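Engineer: Okay, handing you the structure first.
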Amino acid sequence: MLQAINDRIKGWLGGFVIALISLPFALWGIQSYLGGGEAPNAATVGDAKISVQELDNSVTRKKQELRSRFGDNLPFSDAMIKSQVLDQLINQKLLEAYTRDNGYRVSDAQLFSNIRSIFSQNGEFDRATFESLIRSRNQSVPEFEEVLRNDIRVSQFSTGVRATSFVTDAEIEQLAKLEAQQREVSLLKFSADNELATITVSDEEIQTAYDARPDQFMTKEQVSVDYIELTAAQLAKATRLDEQKLKRAYDDYVAQMSQNEQRKASHILIKAEPDRATAMTKIEKIKQALAEGESFAALAKEYSDDTGSAEQGGDLDWVEHGQMVKPFEQALFALKKAGDVSDVVETQFGLHLVRLDDVREQKPETFAEKRPQLEAALRHEAVSGVFYDQTELMATTSYENPDSLDITAEALGLPIQHTELMTRSSGKGIAANPEIRKAAFSRAVLDDGVNSDVIEPGPDQAMVLRVREHVPAQRLALEQVRATLEAALKREKAHAIVLAKAREAKAKLLAGAKASSLVARGVILEKPQLLKRSDTNKIDPGTLRRTFEMPKPEPGKLSVDEISLPNADAAVVILTQVITPDKVEQAQLDTIKRQRLSELANAEYDAALAEISRDYEIHKNPRALE
C-alpha cells in the first residue's frame, strides 16, 4: 500500500504522507491494524481480566446446558444468558482474588489428592485421562493445577460461609404450619365488560394517550440479507466416486455382516484345576460317550462343572463374535453345521466340548441394494477435508473483502442467495434459525455494513451473510392504532369504575353489610372455597397470593380487601376463616428445614460476596454484552 502511494505522490509531499502513515505502525505495531492486537476484555476484577473469548465460551456452554433442560426454545433471551454468565465469571474472579489475598492455601498433598480422586479408575490413577483432559483444554499441567487450586480455595470459602447458617426447631415448626395453612375465601366480582357500553372516549383523549406512549405503537425492525451457503451435501454431489472403492466398501460390508452371525451353542466344562491330567482323561471319556451316541444334554447335566448351564443341558443360548474368550469362540465358529461337536478346547476356565446347535446369520444386501448407502458414506468421507478447506476460504475472502460477497461467491463457485425480511424474533427459510437472525442484527453487520463472520447454523453447513435491506422500526400512525387505543382506554376506564365499586363494597362489608346484598347486575358472589397455597388451579395466582397476605379475621368479623383481576375486572376478597394445623408430619418438617437452611446459606453467601466486592474495582464492558 505504501509503495502504491509513493508511485502516485512524488516529491516531498509523497514522503511526508508515507512518514505520517508509518508513524502509528512504529508506535503501536502493525498488529493493531491487522487485528492481532490485544482483544478487549468483557470485564476486569481488580487485576484479573475476563476476555471476550472466555465469556463467549462460557455462554456457549451455558446454552448447551439450558438446551439439555428446555430444548431449543429457551425461556431466556441471549442478553439475559450473557449477562448472567458474565456476573458468574466476575464472582468467580472476585472470590479467587479474595481467597488468594486473605491467606487461603491449598497444600500440594491436598491438590494431588483431589487430582487422584477426579482421575481414578478402580482405585488407580488414570494418567491417560488426566493428560487427555489437559490437552483438550489446551493447558499445561501447571496451568491446570493453578485452576484447580483456585477452585478448591473458592470452595473452602463457600463451604465456610454456608456452614454458618442455622435455624431453630421452633422456627421450622412455625414455618411448616404456615405452609400447611388453609384459608376459606369467597370473591365478590365486578365485571368490567358490564361497564363498557356506557363509556366513551374523546378524540382528545385518544390523541393525548397516543402522544404519551411514543414507544408503544411501533413496527418491528426488519432486515433481509444476501448470503452464501456451503454444505457438505453440495460438495458430495459434485464428487466423482471410484468404482473400485465402492466394490471394496461393499466387500468390507459383507465381511462385517459375517461377523454379525450368531450361533446357538452348548458346552460341557471340566475344570482343569488342580489336576489337569485327570480333567483331560475325564473329558476324553465324555467325548467318547458322545461318539457312541449318548445325549449331550444328559452328559452335561451329569458332568459339566459350569453349574449355570449344566441344568439346561449345557445350553449357552445365542453367542456373537467377541462374546466368549478367544479359543472358545474360534472353536464354535469353526464348526460347520448344527450338531457338530468340537475337539477339546482349553481356556482359563478349564476344558470344554463345544456343540453347535443352530446358526442365525444376517444376509447381506446385494451390491445394487447397498450402493446408495455406500455412495453416501464415501462421498461424506471424501468431502470432509474439502468442506473444511472451503470454509476457511469462505472466512478469508469474506473478511478480506468486507463490503461485498461477490469475490467470496466467485472463489467458492456458489450463488449469492437472498432472504425475505425478518425480525429479531422470527423469519422464514434459513431466517427461522436464531443464529442467522442474531448475525443479521449484529452491530458489525447491521450498523457497520460488513460481511458477517462464518456462521455454522447446522452440521456440515457454513454461511456468510450481509445486509441487503434494512427497515428500521417505525411508529404506526394514529389512524392505524386508533381502534386498538380506543378499546384500551375504554377498558382502563371500566377498570377504574369497577375498582371504585369494589372499594365501596369493601367499606359496606366492614360496616356490617351482607355480601349477598351487594349482588347486582355485573356483580357475582362466588361460593366460599377452602384454599391451600398451592391451589393455583382453583384461583388466579395474584388473588391466591393476596389471600394469604391478608390478616386473619377477628372472631365474628371478616377480613376483606379489594383486588384487580385479569381482564380489567375487580373483586373484593372475603376471608372468613384461617385453619392452621396443630401438628405437621416429621417428613414435612425435614423438607422445610432443608429449604430454609438453603435459603439462609444463599443469603449469607450473597451478603459475603457483596461485602467482598467493595474492596475490588469491577468494570464491565457494555459492548461485550451486545
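Letter by letter, the sequence shown follows residues 23 to 648 in this note's numbering. By construction, the Cβ of each residue, glycine as well, lies at the ideal position given by its N, Cα and C atoms. Quick caveat, the model's predicted, so the values are computed rather than measured.
#1: CB-CB under 8 Å to residue 171, same chain, minus the five flanking residues each way: which ones, in chain order?
#2: May I have the straight-line CA-CA distance separating residue 558 from residue 565, to the nearest angstrom?
#3: Would you call the CB atoms of residue 205 and residue 553 closer than 8 Å?
#4: Who are the near neighbours of residue 155 in its chain, counting only those whose CB is closer than 6 Å to its CB and skipping five residues on each side?
#5: Starting from the C-beta of residue 417, find all residues in its chain whose C-beta is less than 6 Å away, skip the five residues before and the five after it, and write them out in chain order.
#6: For residue 67, collect the residues of the same chain with a Cβ closer than 7 Å to its Cβ; drop the 5 residues on either side in sequence, then sort them by chain order.
#7: Can you tell me whether residue 652 is buried or exposed? The criterion is at least 16 other CB atoms within 10 Å of its CB, across all chains shown.
#8: What does the Cβ neighbour count give for residue 269, buried or exposed, with the cut at 16 atoms within 10 Å?
#9: Whose CA, out of 642, 397, 86, 463, lies closest to the CA of residue 265?
#10: Which word fits residue 317, buried or exposed, when buried means at least 16 other C-beta atoms lie within 10 angstroms of its C-beta?
#11: Starting from residue 164, follow the alpha helix (DSSP H) in both directions and report where the run begins and ends.
#12: Please report the straight-line C-alpha distance between residue 294 and residue 481, rounded to a whole angstrom.
#13: Could you compute how far the alpha carbon of residue 646 sits from the alpha carbon of residue 506?
#14: Just checking my contact of residue 483 with residue 207 at CB under 8 Å: how many whole Å lie between their CB atoms?
#15: State the beta-bridge partners of residue 377 as determined by DSSP.
#16: In three-state DSSP terms, what is residue 338?
#17: Smallest Cα separation from residue 446: which of 454, 189, 340?
#18: How many Å lie between residue 233 and residue 98 at the Cα?
#19: Residue 531: buried (16+ other C-beta within 10 angstroms of its C-beta) or exposed?
#20: If you check the beta carbons only, do residue 194 and residue 615 fall under 8 Å apart?
#21: Note down, in chain order, each residue of its chain lying with its Cβ closer than 8 Å to the Cβ of residue 496, except the 5 sequence neighbours on either side.
#22: Sort 524, 573, 394, 202 by Cα distance to residue 608 and report the nearest one.
#23: Where residue 408 and residue 257 are concerned, what is the direct C-alpha to C-alpha distance, given to the nearest angstrom?
#24: With distance defined between alpha-carbon atoms, name the residue in 177, 488, 370 nearest to residue 427.
#25: What's the gap between the Cα of residue 83 and the Cα of residue 160?
#26: CA-CA distance, residue 143 and residue 275?
#27: Can we say the region 501–519 touches the region 206–221, given the rule of at least three CB pairs closer than 8 Å?
#28: Does the Cβ-Cβ distance between residue 525 and residue 584 come in under 8 Å?
#29: The beta strand (DSSP E) that contains residue 199, what's its start and end?
#30: Thinking just about the alpha-carbon of each residue, which of 595, 376, 626, 187 is nearest to the one in residue 546?
#31: For residue 635, which residues in the same chain have their Cβ closer than 7 Å to its Cβ, ignoring the five residues on either side in sequence?
#32: Report the rounded CA-to-CA distance for residue 630 versus residue 623, giving the unit in angstroms.
Structural biologist: Working from what's here:
#1: Along the sequence shown, one-based indexing puts residue 171 at 149. Within the same chain, residue 171 has close Cβ partners 128, 133.
#2: The count along the sequence shown starts at 1 and reaches residue 558 at position 536. The count along the sequence shown starts at 1 and reaches residue 565 at position 543. Cα to Cα, the separation comes out at about 9 Å.
#3: Taking the sequence shown and counting its residues from 1, one reaches residue 205 at position 183. Taking the sequence shown and counting its residues from 1, one reaches residue 553 at position 531. In contact: residue 205 and residue 553 (Cβ atoms closer than 8 Å).
#4: Counting from one through the sequence shown, the residue named residue 155 turns up at place 133. Excluding residues within five positions, none has a Cβ falling inside 6 Å.
#5: As a working note, residue 417 is residue 395 in the sequence shown. Spatial neighbours of residue 417 in its own chain (CB-CB distance under 6 Å, excluding positions within 5 residues in sequence) are listed in chain order as 476.
#6: By one-based count along the sequence shown, residue 67 stands at place 45. The answer, listed in chain order, is 112, 115, 116, 119, 638, 640.
#7: Nothing about residue 652 can be read from this structure; the chain reaches only from 23 to 648.
#8: In the sequence shown, the residue the question calls residue 269 occupies position 247. Exposed is the call here.
#9: For the purposes of this step, residue 265 is taken as the residue at position 243 of the sequence shown. Taking only the C-alpha atoms, the option nearest residue 265 is 397.
#10: Translated into positions along the sequence shown, residue 317 becomes position 295. Around the beta carbon of residue 317, fewer than 16 other beta carbons lie within 10 angstroms, which makes this residue exposed.
#11: Counted from its first residue, the sequence shown places residue 164 at position 142. Segment 163–184, the alpha helix (DSSP H) holding residue 164.
#12: Walking along the sequence shown from the start, residue 294 turns up at place 272. Walking along the sequence shown from the start, residue 481 turns up at place 459. Using only the alpha carbons, I get a separation of about 56 Å.
#13: Against the sequence shown, residue 646 aligns to sequence position 624. Against the sequence shown, residue 506 aligns to sequence position 484. If I take the Cα positions, the gap works out to 39 Å.
#14: If you number the sequence shown from 1, residue 483 lands on position 461. If you number the sequence shown from 1, residue 207 lands on position 185. Not quite, the Cβ-Cβ distance comes to about 57 Å (not below 8 Å), so this is no contact.
#15: Your numbering for residue 377 matches position 355 in the sequence shown. Answer is 288, 363, bridged to residue 377.
#16: Stepping through the sequence shown from its first residue, residue 338 is reached at position 316. Note: residue 338 maps to strand in three-state DSSP.
#17: Here the question's residue 446 lines up with position 424 in the sequence shown. Closest option to residue 446, Cα to Cα, is 454.
#18: The residue given as residue 233 occupies position 211 in the sequence shown. The residue given as residue 98 occupies position 76 in the sequence shown. Answer to the nearest angstrom: the Cα atoms are 32 Å apart.
#19: Reading the sequence shown from its first residue, position 509 is the one you call residue 531. Buried, because 16 or more other Cβ atoms sit within 10 Å of the Cβ of residue 531.
#20: Along the sequence shown, one-based indexing puts residue 194 at 172. Along the sequence shown, one-based indexing puts residue 615 at 593. Cβ atoms of residue 194 and residue 615: closer than 8 Å.
#21: Reading the sequence shown from its first residue, position 474 is the one you call residue 496. Correct list, in chain order: 240, 241.
#22: Here residue 608 refers to the residue found at position 586 when the sequence shown is read from its first residue. When only C-alpha atoms are compared, the closest one is 202.
#23: Counted from its first residue, the sequence shown places residue 408 at position 386. Counted from its first residue, the sequence shown places residue 257 at position 235. The straight-line gap from Cα to Cα measures roughly 8 Å.
#24: On the sequence shown, residue 427 is found 405 positions in, with the first residue counted as 1. Of the candidates 177, 488, 370, the one whose C-alpha sits nearest the C-alpha of residue 427 is 488.
#25: By 1-based counting over the sequence shown, the position of residue 83 is 61. By 1-based counting over the sequence shown, the position of residue 160 is 138. In a straight line, the C-alpha of residue 83 is about 17 Å away from that of residue 160.
#26: Here residue 143 corresponds to residue number 121 of the sequence shown, with the count starting at 1. Here residue 275 corresponds to residue number 253 of the sequence shown, with the count starting at 1. Roughly 36 Å between the two C-alpha positions.
#27: yes
#28: For the purposes of this step, residue 525 is identified with residue 503 of the sequence shown, where counting begins at 1. For the purposes of this step, residue 584 is identified with residue 562 of the sequence shown, where counting begins at 1. It is a contact, given that the beta carbons lie within the stated cut-off.
#29: In the sequence shown, residue 199 corresponds to position 177, counting from 1. Residue 199 -> not in any beta strand (DSSP E); alpha helix (DSSP H) instead, spanning 191–201.
#30: By one-based count along the sequence shown, residue 546 stands at place 524. Nearest of 595, 376, 626, 187 to residue 546, Cα basis: 595.
#31: Reading the sequence shown from its first residue, position 613 is the one you call residue 635. Sequence-distant partners of residue 635 (beyond 5 residues in either direction) whose C-beta falls short of 7 Å from its own C-beta, in its chain, are 116.
#32: Locating residue 630 in the sequence shown gives position 608, where the first residue counts as 1. Locating residue 623 in the sequence shown gives position 601, where the first residue counts as 1. Approximately 11 Å, taken between the alpha carbons.
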